[in-house]
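Asker: Going by our numbering, the sequence shown runs without a break in its numbering and finishes at 446.
By construction, the Cβ of each residue, glycine as well, lies at the ideal position given by its N, Cα and C atoms.
These figures come from a predicted structure and were not determined experimentally.
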Amino acid sequence: MTQQQTGGDVRLTGISKTYGSFAAVQPLDLTVPQGSFFALLGASGCGKTTTLRMIAGLEEATTGTVTLGGRDITGLPPYKRPVNTVFQSYALFPHLDITENVAFGLRRRGIKSVKKQVDDMLELVQLGDFARRRPHQLSGGQQQRVAVARALINHPQVLLLDEPLGALDLKLRRQMQLELKRIQTEVGITFIHVTHDQEEAMTMADTVAVMNAGRVEQLGDPADLYENPRTTFVANFLGTSNLIEGEVVSTGTDIVVSAGGGKLRLPADRCPAPTANGGRLLLGIRPEKISLAHRDDADEIAEGRNRVTGRIVDSSFIGVSTQYVVESPAGKSLQVYEQNVERRARLTPGAEVVLHWNPAHTFGLDAAQDIDAGVETVEDAA
Ligand SMILES: Nc1ncnc2c1ncn2[C@@H]1O[C@H](COP(=O)(O)OP(=O)(O)O)[C@@H](O)[C@H]1O
Ligand SMILES: [Mg+2]
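1) For R246, report the span of its alpha helix (DSSP H) as first-last.
2) Pick out whichever of E264, T315 and P158 has its Cα sitting closest to the Cα of D226.
3) Helix, strand or coil: how does DSSP classify K327 here?
4) Please list, in chain order, all residues of the same chain as L302 whose beta carbon is under 7 Å from its beta carbon, the five residues on each side excluded.
5) Indicate whether C335 and G438 have their beta-carbon atoms separated by less than 8 Å.
6) How far does the alpha helix (DSSP H) with A269 in it reach, from first residue to last?
7) Is it buried or exposed, Q67, if we count other Cβ atoms within 10 angstroms and call 16 or more buried?
8) Along the chain, where does the alpha helix (DSSP H) that runs through E187 open and close?
9) May I ask whether a heavy atom of ligand 2 can be found less than 7 Å away from the beta carbon of D261?
10) DSSP on N148, reduced to helix/strand/coil?
11) Do you know how far the Cα of G348 is from the Cα of A299?
12) On the DSSP letters alone, give me the boundaries of the beta strand (DSSP E) that E309 sits inside.
13) Out of K396, A231, R329 and N165, state which residue places its alpha-carbon closest to the alpha-carbon of V212.
14) Going by C-alpha to C-alpha distance, which of G133, T295, G252 and T129 sits closest to N139?
15) Taking the alpha-carbon positions, what's the T315 to F255 distance?
16) Can we count A323 as close to ligand 1, meaning its CB is less than 7 Å from some heavy atom?
17) For a quick check, are the C-beta atoms of V372 and G326 less than 8 Å apart?
18) In whole angstroms, what is the alpha-carbon distance linking S380 and I365?
19) From V19 to L105, what does the alpha carbon distance come to, in whole angstroms?
20) On the DSSP bridge assignment, give the partners of A87 in chain order.
21) CB P220 to CB L156, shorter than 8 Å?
22) Are the beta-carbon atoms of R196 and T149 separated by less than 8 Å?
23) Spatial neighbours of T77 within its chain, please: C-beta separation below 7 Å, excluding the five flanking residues on both sides.
24) Please specify which runs of the alpha helix (DSSP H), each continuous and at least 4 residues long, are wholly inside the stretch 106-165, giving them in chain order.
25) Is it the case that the CB of K81 approaches a heavy atom of ligand 2 more closely than 7 Å?
26) Give the secondary structure of L229 by DSSP, where H, G and I count as helix, E and B as strand, and everything else as coil.
27) Does T77 come out as helix, strand or coil in the three-state DSSP assignment?
28) Please list the terminal residues of the continuous alpha helix (DSSP H) segment that includes A8.
29) If you count every other CB in all the chains shown that lies within 10 Å of the CB of N404, and 16 or more means buried, which is it?
30) Mind checking whether L346 and I435 have CB atoms under 8 Å apart?
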């Protein structure tokens with residue numbers, strides 16, 4: 065496959081969708097650069113599919129415009145847009161073999177000699193050996209690759225993917241994430257991928273837009289979103305964050321906060337608006353950035369690190385890491401992930417510990433927000 069340089073950026077301007085009085089998507093401005101792998105990430109019901117369907121033309125926007133490479137396509141019917149969609153249900157034709165499934169779009173346009181193009185597509189998705197099989201003779205992941213091939217053979221400028229891996233089990237999903245990423249790199253067209261799975265979005269996408277209740281909360285490359293969340297929703301939804309509420313004691317290059325009877329520092333340039341004395345702040349620290357010491361060894365902790373005392377209430381051995389839950393005056397249920405380099409026999413539930421970390425690894429958030437926004441509950445997961 066050669067790289068396609070056609071297309072241009074997808075730009076949504078003030079796009080919104082209301083059903084009756086319910087706003088499924090709030091007026092949204094979004095630019096998806098040509099050739100990028102873009103993820104729309106958010107919990108179920110936040111408006112991802114609706115947004116995607118407005119790009120595809122399957123849903124009429126209540127307000128706003130969709131342009132592609134500067135051309136306004138808002139009024140175009142789906143089949144006139146240079147856009148194809150892959151859904152979670154592959155919707156392959158069961159009575160046709162893989163070749164004919166992939167050839168479908170070409171045949172419909174009256175193209176007779178399809179063999180070369182179909183072969184190239186099957187090569188691209190690594191299903192060359194399966195050309196004569198029927199869909200039911202393939203695994204879920206293989207069927208989904210057929211669906212991708214069937215969409216790409218139409219040479220869309222943009223491929224829309226709506227939770228395409230949702231029906232696959234975890235291991236297969238991981239493989240397919242890498243596979244889709246490879247295919248996107250190879251064909252070079254814009255992929256807009258909808259998912260509720262934050263790991264999936266981070267693995268695949270160049271840019272992730274985190275959606276919440278019909279709005280984009282934050283947009284950026286995965287590492288930046290993870291390291292510098294700007295809202296509690298993003299901090300909690302994208303991985304796990306420990307959020308500790310504190311009172312600002314002093315400001316400067318570092319901000320010093322009093323929390324749970326101790327003092328904690330964080331860089332001022334990782335904080336929101338300038339913080340006045342006496343102001344409140346949420347300190348955020350990711351679980352893998354915290355180290356644990358048994359309280360008896362506390363004097364071995366290097367100077368200048370943030371410290372919080374607590375007691376281990378739970379520990380789970382995950383193999384690559386051990387995940388601890390620590391109760392502390394600074395915050396309820398602090399999470400610590402520690403790599404399993406050596407056994408830490410004394411770090412068992414009940415142990416008194418000191419959590420310590422580099423102040424530079426701390427981020428600050430506005431304390432006026434709901435501290436638990438974006439935390440996945442057992443109910444959500446069901
Ligand atoms: N045709 C419709 N009529 C009324 N409400 C709808 C319709 N389609 C979607 N919604 C509502 O809009 C919201 C966003 O839906 P959707 O875009 O499918 O979310 P997501 O894909 O993020 O799970 C949901 O609350 C959903 O119930
Ligand atoms: Mg959806």
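Answerer: A quick look at the data gives this:
1) Position 182 of the sequence shown holds residue 246. Start and end: L234 to V251.
2) Residue numbering aside, residue 226 sits at position 162 when the sequence shown is read from its first letter. Ranking E264, T315 and P158 by Cα distance to D226 puts E264 first.
3) Here residue 327 refers to the residue found at position 263 when the sequence shown is read from its first residue. Reduced to three states, the DSSP call for K327 is strand.
4) Position 238 of the sequence shown, counted from the start, is the residue given in the question as residue 302. Answer for L302: Q262, V274, L289, Y290 and P293, listed in chain order.
5) Working through the sequence shown from its first residue, we reach residue 335 at position 271. Working through the sequence shown from its first residue, we reach residue 438 at position 374. No, they are not a contact pair.
6) Taking the sequence shown and counting its residues from 1, one reaches residue 269 at position 205. Taken as a continuous stretch (DSSP letters only), A269 belongs to no alpha helix (DSSP H), as it is neither H nor E.
7) Your numbering for residue 67 matches position 3 in the sequence shown. Any reading at Q67 must be qualified, since the residue scores a pLDDT of 44, below 50, and its modelled position is unreliable; the value itself is stated next. By the neighbour-count rule (16 or more Cβ atoms within 10 Å), Q67 is not buried but exposed.
8) For this step, residue 187 is matched to residue 123 along the sequence shown. Its alpha helix (DSSP H) spans residues K179 to L188.
9) Along the sequence shown, read from residue 1 onward, the residue named residue 261 stands at position 197. Outside the cutoff, so no.
10) Locating residue 148 in the sequence shown gives position 84, where the first residue counts as 1. N148: strand per DSSP, three-state reduction.
11) In the sequence shown, residue 299 corresponds to position 235, counting from 1. In the sequence shown, residue 348 corresponds to position 284, counting from 1. Spanning the two alpha carbons is a distance of roughly 8 Å.
12) On the sequence shown, position 245 is the one that residue 309 refers to. From DSSP, the beta strand (DSSP E) with E309 extends over N306 to S314.
13) For this step, residue 212 is matched to residue 148 along the sequence shown. It is N165 whose Cα lies nearest to the Cα of V212.
14) Your numbering for residue 139 matches position 75 in the sequence shown. What sits at residue 139 in the sequence shown is Gly, not Asn. For G139, the nearest C-alpha among the options comes from T129.
15) Locating residue 315 in the sequence shown gives position 251, where the first residue counts as 1. Locating residue 255 in the sequence shown gives position 191, where the first residue counts as 1. Going by the C-alpha atoms only, they are around 44 Å apart.
16) Counted from its first residue, the sequence shown places residue 323 at position 259. No, ligand 1 has no heavy atom inside 7 Å of this Cβ.
17) To locate residue 372, count along the sequence shown from 1; it is residue 308. To locate residue 326, count along the sequence shown from 1; it is residue 262. Contact flag set, yes.
18) The residue given as residue 380 occupies position 316 in the sequence shown. The residue given as residue 365 occupies position 301 in the sequence shown. S380 and I365: Cα-Cα distance of roughly 24 Å.
19) The structure shown has nothing for residue 19, since the chain only spans 65 to 446.
20) Here the question's residue 87 lines up with position 23 in the sequence shown. Partner(s): T82.
21) If you number the sequence shown from 1, residue 220 lands on position 156. If you number the sequence shown from 1, residue 156 lands on position 92. It is not a contact, given that the beta carbons lie outside the stated cut-off.
22) As a working mapping, residue 196 is identified with position 132 in the sequence shown. As a working mapping, residue 149 is identified with position 85 in the sequence shown. In this structure, T149 does not lie closer than 8 Å to R196 by Cβ.
23) Taking the first residue of the sequence shown as position 1, residue 77 is located at position 13. Within the same chain, T77 has close Cβ partners D93, G128 and T129.
24) 112-120
25) Here residue 81 refers to the residue found at position 17 when the sequence shown is read from its first residue. For ligand 2, not one heavy atom lies less than 7 Å from the Cβ of K81.
26) In the sequence shown, counting from the first residue as 1, residue 229 sits at position 165. Coil at L229, not helix or strand.
27) On the sequence shown, residue 77 is found 13 positions in, with the first residue counted as 1. DSSP places T77 in strand when its eight states are reduced to three.
28) With the chain running from 65 to 446 in the structure shown, residue 8 is simply not present.
29) For the purposes of this step, residue 404 is taken as the residue at position 340 of the sequence shown. Flag for N404 reads exposed.
30) In the sequence shown, the residue the question calls residue 346 occupies position 282. In the sequence shown, the residue the question calls residue 435 occupies position 371. Their beta carbons are under 8 Å apart, which means L346 touches I435 by this criterion.
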